[in-house]
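Q: Numbering (this note's numbering), first residue to last: 565 to 925.
We treat Cβ as the ideally placed atom computed from N, Cα and C, and that holds for glycine.
Because the structure is a prediction, the values reported are computed rather than measured.
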Ligand SMILES: [Zn+2]
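In structure tokens, the structure reads:
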């Protein structure tokens with residue numbers, strides 16, 4: 565699949581387009597447990613960032629054709645994209661990253677958090693608010709989502725996200741919402757909000773209605789580029805509707821380039837997201853929540869595409885199913901579901917810290 569996308573990239577983006585991108589300089593500032601790495605480019609370009617293990621380093625992905633001064637460690641990646649390696653003195657995690665563009669340069673600013681402490685300390689952090697969960701209430705504004713009677717998905721998901729946030733905060737997590745009211749936020753905007761907040765997890769909340777009936781029960785989607793089945797294809801269309809209504813340009817030029825680069829970053833994030841899905845499904849089963857007959861599925865939802873944040877899309881159930889609709893509107897069921905989500909995330913936080921410790925060694 566990666567190879568096929570890479571081929572597409574060559575067709576869509578002749579080499580010359582990015583051949584002007586030059587890495588001008590790299591600066592690393594370390595200050596106690598935090599630090600900042602800035603990468604100055606001659607002009608804006610698609611980019612990705614991910615952390616490499618032993619020895620610790622940042623890998624900044626840049627488009628094919630990008631060049632750099634010989635003193636910098638810029639290599640050609642397996643798919644033809646360029647990878648700039650920035651060595652770090654100790655293991656760290658990416659707290660946030662953004663590109664700032666000026667008149668004659670673009671700067672990728674990457675805030676990092678040093679984590680040289682042993683696994684036990686990482687585990688200790690887990691319960692004290694160090695882990696940030698971004699909850700994404702689906703739809704909003706011009707896009708109400710599914711409608712059944714007087715209920716709409718956008719409002720139900722916003723209320724539910726607030727309820728989950730409350731449970732998570734009581735459990736010691738830091739929580740951000742990608743929208744705080746009935747506002748329209750584009751799909752890429754939701755991902756940006758999570759990244760800007762330094763989210764460790766992004767969970768998008770939905771309860772769509774689907775044609776044909778038959779779909780019922782909680783379903784978790786992880787990122788996959790496999791061809792979608794009929795239900796997934798319908799959900800992909802539904803979730804893109806808001807952006808189309810609001811005139812957000814989908815598949816903007818550059819997305820294909822970024823997509824290939826992001827495949828590299830997702831090599832770490834993908835398995836972490838799937839582990840989170842497993843822990844959530846275990847918690848749902850323990851809580852007696854009805855699950856879809858295939859409760860874990862894959863789809864290329866835009867909100868799942870943050871390369872460095874394990875991200876999942878949860879259909880709590882389907883508003884087209886009468887029993888699911890009753891559950892989603894029932895405060896008791898919602899409280900049980902909110903607690904199950906918090907339990908699943910808490911279990912994963914510990915699993916993930918142990919796995920991170922293993923990766924570090
Ligand atoms: Zn939805």
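Quick one: any contact between the stretch 878–885 and the stretch 907–925, if contact means 3 or more CB pairs under 8 Å?
A: Judged by Cβ distances under 8 Å, the stretch 878–885 makes no contact with the stretch 907–925, as fewer than three pairs qualify.
Q: Would you check if the stretch 594–605 and the stretch 660–678 touch, i.e. whether three or more CB-CB distances between them fall below 8 Å?
A: Yes: the two stretches touch, three or more of their Cβ pairs being nearer than 8 Å.
Q: Report yes or no: do the stretch 619–632 and the stretch 646–656 share at least 3 C-beta pairs separated by less than 8 Å?
A: The answer is yes - the stretch 646–656 touches the stretch 619–632, with three or more Cβ pairs under 8 Å.
Q: So which of 735, 729, 794 has the shortest CA-CA distance to residue 775?
A: Checking every option, the nearest Cα to that of residue 775 belongs to 794.
Q: Taking the beta strand (DSSP E) that residue 796 falls in, what are its first and last residues?
A: Segment 794–809 is the alpha helix (DSSP H) holding residue 796; no beta strand (DSSP E) there.
Q: What residues in its chain sit with their C-beta under 6 Å from that of residue 681, if we drop five residues either side in the sequence?
A: Interpretation of residue 681 is limited by its pLDDT of 45, a score under 50 that renders its predicted location unreliable; the figure taken from the coordinates is listed afterwards. Once the five neighbours on either side are set aside, residue 681 has no close Cβ partner at all.
Q: Do residue 724 and residue 806 have their CB atoms nearer than 8 Å?
A: No, the pair does not count as a contact, with Cβ atoms beyond the cut-off.
Q: Is residue 772 near ligand 1, in the sense that its beta carbon is under 7 Å from a heavy atom of that ligand?
A: Yes - ligand 1 has a heavy atom lying nearer than 7 Å to the Cβ of residue 772.
Q: Assign residue 744 to one of two classes, buried (16 or more other C-beta atoms within 10 Å of its C-beta) or exposed (fewer than that).
A: By the 10 Å Cβ count, residue 744 comes out exposed.
Q: By Cβ distance below 6 Å, which residues in the same chain neighbour residue 732 in space, the five residues on each side in sequence not counted?
A: Same-chain partners within the cutoff: 697, 739, 906.
Q: Could you tell me if residue 607 is buried or exposed, where buried requires 16 or more neighbouring beta carbons within 10 angstroms of its beta carbon?
A: Classification for residue 607: exposed.
Q: Which residues does DSSP pair with residue 770 in a beta bridge?
A: Looking at the DSSP assignment, residue 770 forms a beta bridge with 879.
Q: Give the DSSP bridge partners of residue 704, in chain order.
A: Answer is 707.
Q: Nearest CA to the CA of residue 662: which residue from 836, 709, 602?
A: For the residues 836, 709, 602, the minimum Cα distance to residue 662 belongs to 602.
Q: Looking at the structure shown, is residue 571 part of a helix, part of a strand, or coil, going by DSSP?
A: The pLDDT assigned to residue 571 is 36, lower than 50, so where the model puts this residue is not dependable; a value taken from the coordinates is nonetheless given after this. Residue 571: helix per DSSP, three-state reduction.
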